[in-house]
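What follows is a single structure, written as structure tokens, with notes after it.
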Amino acid sequence: MKIISSLALLSITLFFLAGCSKPAETAQESDPELESRVDSLEETVDLIIKDPELARIHKAFPEAESTDSGLHYIVTKEGAGDATPNKGDSVTAHYKGTLLNGAKFDSSYDRGDPFEFQVGLGNVIKGWDEAFLAMKKGEKRKLIIPSKLGYGSRGAGGSIPPNATLIFEVELIDF
28 MKIISSLALL
38 SITLFFLAGC
48 SKPAETAQES
58 DPELESRVDS
68 LEETVDLIIK
78 DPELARIHKA
88 FPEAESTDSG
98 LHYIVTKEGA
108 GDATPNKGDS
118 VTAHYKGTLL
128 NGAKFDSSYD
138 RGDPFEFQVG
148 LGNVIKGWDE
158 AFLAMKKGEK
168 RKLIIPSKLG
178 YGSRGAGGSI
188 PPNATLIFEV
198 ELIDF
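Our numbering numbers the first residue of the sequence shown as 28 and each following residue consecutively.
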């Protein structure tokens with residue numbers, strides 16, 4: 028209901044803004060900044076309608092890069108070299124996992140024990156497989172993983188509810 032109210036308010040605002048502007052006599056007199064803002068608003072409305080979870084991620088982390096799958100990430104420390112792990116490689120990583128509200132659910136840092144897994148084989152959530160296949164040794168990233176690339180509608184244990192967006196601070200130690 029909140030989304031519908033927001034969309035209605037946005038539509039009314041755009042209607043009045045369009046009615047208040049002077050008609051352009053030629054295409055050259057149009058305001059590129061205004062056109063850009065309208066395009067951006069249209070993209071935001073489309074995103075809210077199509078996928079409210081991705082809209083929340085985009086709002087909370089506007090600086091994040093995104094992949095075609097919907098994985099969002101922020102590189103917080105560049106890695107060394109150009110090499111990235113191959114599917115099936117064993118990788119060693121540290122991580123801290125939180126929910127979108129900041130509640131921590133797991134941390135290898137707290138245990139002092141990095142996590143080791145074979146990347147790209149489905150042994151971890153899809154968001155991790157995708158992210159670690161693109162990382163370099165020593166790289167640190169903040170991963171913002173939508174539920175479809177995490178635990179989905181089933182959640183995990185008592186600490187990760189169904190349809191939860193997951194935030195991970197990860198470091199690729201070795202592969």
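All C-beta atoms, glycine included, are put in the ideal place defined by N, C-alpha and C.
All figures in this text were calculated on a predicted structure; none of them were measured in a lab.
In summary, Pro112 is buried, with 16 or more beta-carbon neighbours lying within 10 Å of its beta-carbon over all protein chains present. Exposure of Arg181 is indicated by the presence of fewer than 16 other C-beta atoms within 10 angstroms of its C-beta.
Bounds of the alpha helix (DSSP H) holding Ser135 are 135-138.
Counting only runs of 3 or more residues that sit fully inside the stretch 82-166, the beta strand (DSSP E) segments are 99-104, 117-126, 131-134, 142-145, in chain order. Between the stretch 186-196 and the stretch 109-127 there are three or more inter-stretch CB-CB distances shorter than 8 Å, so the stretches are counted as touching. Counting along the chain, Phe195 sits inside the beta strand (DSSP E) bounded by residues 193-201. The stretch 166-181 and the stretch 92-99 touch, with no fewer than 3 CB-CB distances between them shorter than 8 Å.
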